[in-house]
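K.L.:
Residue numbering for the sequence shown follows full-length UniProt numbering, starting at 1 and increasing by one per position. We put the beta carbon where it would ideally sit given N, CA and C, even for glycine.
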Amino acid sequence: LAIPYNTLNTMESLRLLTSNDVEDHICQYTTEELYVRFRFGKADIEYLVNLLRPKLQHRTQRSHGLSVEDQILIALRFYACGTFYQAVGDYMGVVKSAVCDVVRDVSIALASLVNEFVSFPKDNQIAQAKRSFFLLGNMPNTIGAIDCTHVHIQAPRENEWEFINRKGRHSINVQLVCDADLIITNCVVKWPGSVHDARILRESALYRDLQTNRPDGIILGDSAYPLLPWLMTPFLTANTPAQARFNTAHCRARCRRFACLNYLRAEPQKACNITLACIVLHNIATKGNVPLCADNDAPEPLGDPNQPPAFCQNEQTGLATRDAIVRHYF
């Protein structure tokens with residue numbers, strides 16, 4: 001018996017997901033299949049339910065009376081596949097409007113935890129970060145890698161032109177710093193796609209902090225960034241074998257895929273919340289050794305052939321630091 005789509009869309013009292021169905025959704029799959037469909041295994045999903053229960057259980061009416069377990073599974077399915085709300089609803093057995101509300105509520109809840117799960121290395125963590133980067137690419141004294149990635153969004157209704165990146169697509173330009181194990185240690189999620197990577201860095205709290213309190217180590221960035229005492233970029237032209245070896249090690253250490261984000265079709269504020277939610281989930285998954293799925297497409301950095309905007313600080317110190325690294329290690 002076929003039910004017309006418009007009839008389904010008006011059946012607001014119909015919610016096909018029951019608590020038994022939630023368990024069925026989990027139990028019908030192998031662990032590997034759960035990773036593919038939800039990016040987490042059963043124990044991980046239970047952890048997320050307990051983590052977010054205080055923030056979601058009082059919102060049942062706003063989320064169509066769905067349990068916390070229901071909401072987590074629906075949101076994870078959306079984050080995992082990045083498809084339309086209708087497709088997620090059809091897969092999970094709920095209407096489109098319920099999916100929309102759930103993704104909003106779960107994203108806000110996860111985004112509120114970003115400071116708990118995203119933190120720059122300190123004290124004994126710095127030594128471990130340096131060891132990991134050296135093992136990864138023979139790059140000494142490195143505590144992080146910085147890059148910006150463009151999360152594509154639908155054209156905003158306001159200030160639409162600000163979100164057009166240099167490839168002509170609407171996006172949010174997200175700054176991420178990660179360690180050698182792909183743990184995200186700092187993030188800036190608020191800038192429209194037209195803003196240059198170097199400007200996002202310059203106006204960030206991370207930049208102000210590292211300029212004031214010189215870190216015990218360096219961060220690796222690409223040529224879109226300025227060369228600073230604590231921020232190493234590759235040689236634009238390698239004139240010596242040592243400089244070429246430095247560039248090779250720099251690339252090997254820096255080029256790690258940020259595998260936590262999907263392309264989004266959403267207004268800017270909602271896209272920012274979803275992105276922050278994915279960052280928190282990514283760190284939870286990485287720290288819990290949840291494997292990355294081969295089909296998990298992440299937005300690629302656009303790169304920037306232009307020189308970064310001029311920084312007021314003297315970059316000669318950065319040149320001297322980079323030259324010293326080349327002399328001693330390459």
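Would you grab the beta carbon distance between residue 89 and residue 80 for me? Rounded to a whole angstrom, and I think it's under 8 Å.
P.N.:
Incorrect: roughly 15 Å between the Cβ atoms, too far for contact.
K.L.:
Residues in its own chain within less than 6 Å of residue 180 by CB, not counting five upstream and five downstream?
P.N.:
Taken in chain order, the residues that qualify are 132, 133, 136.
K.L.:
What is the DSSP secondary structure of residue 302, counted as helix, strand or coil?
P.N.:
At residue 302 the pLDDT is 46, less than 50, meaning the model places this residue with poor confidence; the figure from the coordinates comes in the next sentence. In this structure, residue 302 counts as coil in the three-state DSSP scheme.
K.L.:
Report whether the distance from the Cβ of residue 125 to the nearest heavy atom of the ligand SAH is below 6 Å.
P.N.:
Ligands displayed in this structure: none; no statement on the ligand SAH is therefore possible.
K.L.:
CB residue 217 to CB residue 126, shorter than 7 Å?
P.N.:
Closer than 7 Å, so yes.
K.L.:
Beta strand (DSSP E) containing residue 147: first to last residue?
P.N.:
Looking at the DSSP string, the run of the beta strand (DSSP E) that includes residue 147 is 142-152.
K.L.:
Provide the residue span of the alpha helix (DSSP H) that contains residue 190, from first to last.
P.N.:
Residue 190 -> not in any alpha helix (DSSP H); beta strand (DSSP E) instead, spanning 184-192.
K.L.:
Could you give the C-beta distance for residue 77 and residue 38, rounded to a whole number, given that I count them as a contact under 8 Å?
P.N.:
Contact holds; Cβ gap of about 6 Å.
K.L.:
Which residues mark the beginning and the end of the beta strand (DSSP E) in which residue 173 is found?
P.N.:
Looking at the DSSP string, the run of the beta strand (DSSP E) that includes residue 173 is 171-178.
K.L.:
Identify the residues that DSSP records as bridge partners of residue 220: which are they?
P.N.:
Paired residues: 145, 232.
K.L.:
Measuring alpha carbon to alpha carbon, tell me which of 106, 209, 219, 163 ends up nearest residue 130.
P.N.:
For residue 130, the nearest C-alpha among the options comes from 219.
K.L.:
Let me check understanding here. Comparing Cα to Cα, which of 291, 32, 287 lies closest to residue 117?
P.N.:
Nearest option by C-alpha distance: 287.
K.L.:
Taking the beta carbon of residue 144 as the centre, do at least 16 other beta carbons fall within 10 Å, making it buried, or is it exposed?
P.N.:
Under this definition residue 144 is a buried residue.
K.L.:
Go ahead and label residue 193 buried or exposed: buried means 16 or more other beta carbons lie within 10 angstroms of its beta carbon, across all protein chains shown.
P.N.:
With 16 or more Cβ atoms within 10 Å of its Cβ, residue 193 is classed as buried.
K.L.:
Can you tell me which of 225, 285, 46 puts its alpha carbon nearest to the alpha carbon of residue 147?
P.N.:
The residue with the shortest Cα to Cα distance from residue 147 is 225.
K.L.:
For residue 268, count the other beta carbons within 10 Å of its own beta carbon; 16 or more makes it buried, fewer makes it exposed. Which is it?
P.N.:
By the neighbour-count rule (16 or more Cβ atoms within 10 Å), residue 268 is buried.
K.L.:
For residue 106 and residue 213, I'd like the C-alpha separation in whole angstroms.
P.N.:
About 36 Å.
K.L.:
What whole-angstrom Cβ distance do residue 110 and residue 292 have, given they're in contact under 8 Å?
P.N.:
Not a contact, Cβ separation roughly 19 Å.
K.L.:
Which residues does DSSP list as the beta-bridge partners of residue 164?
P.N.:
Note: residue 164 sits in a beta bridge opposite 170.
K.L.:
Is it buried or exposed for residue 31, if we count other Cβ within 10 angstroms and need 16 for buried?
P.N.:
So residue 31 counts as exposed.
K.L.:
I need the straight-line Cα distance from residue 44 to residue 54, nearest angstrom please.
P.N.:
Using only the alpha carbons, I get a separation of about 17 Å.
K.L.:
If distances are taken between C-alpha atoms only, which option among 285, 198, 208 comes closest to residue 233?
P.N.:
The shortest C-alpha separation from residue 233 is found at 198.
K.L.:
Give every residue of the same chain whose Cβ lies closer than 6 Å to the Cβ of residue 221, excluding the five residues on either side of it in the sequence, and list them in chain order.
P.N.:
Closer than 6 Å at Cβ, skipping near neighbours: 146, 231, 233.
K.L.:
With DSSP collapsed to three states, give me the class of residue 112.
P.N.:
Reduced to three states, the DSSP call for residue 112 is coil.
K.L.:
If we ignore side chains and look at the alpha-carbon of each, how far apart do residue 159 and residue 170 end up?
P.N.:
Cα to Cα, the separation comes out at about 11 Å.
K.L.:
For the alpha helix (DSSP H) holding residue 207, just list the boundary residues, first then last.
P.N.:
Counting along the chain, the alpha helix (DSSP H) containing residue 207 begins and ends at 205-212.
K.L.:
To the nearest angstrom, report how far apart residue 260 and residue 188 are at their CA atoms.
P.N.:
Low per-residue confidence applies at residue 260: pLDDT is 34, beneath 50, and the placement is therefore not dependable enough to give any value.
K.L.:
In this structure, how does DSSP classify residue 137 when only helix, strand and coil are distinguished?
P.N.:
Three-state DSSP puts residue 137 in a helix.
K.L.:
Residues in its own chain within less than 7 Å of residue 272 by CB, not counting five upstream and five downstream?
P.N.:
Contacts found: 172, 189, 190.
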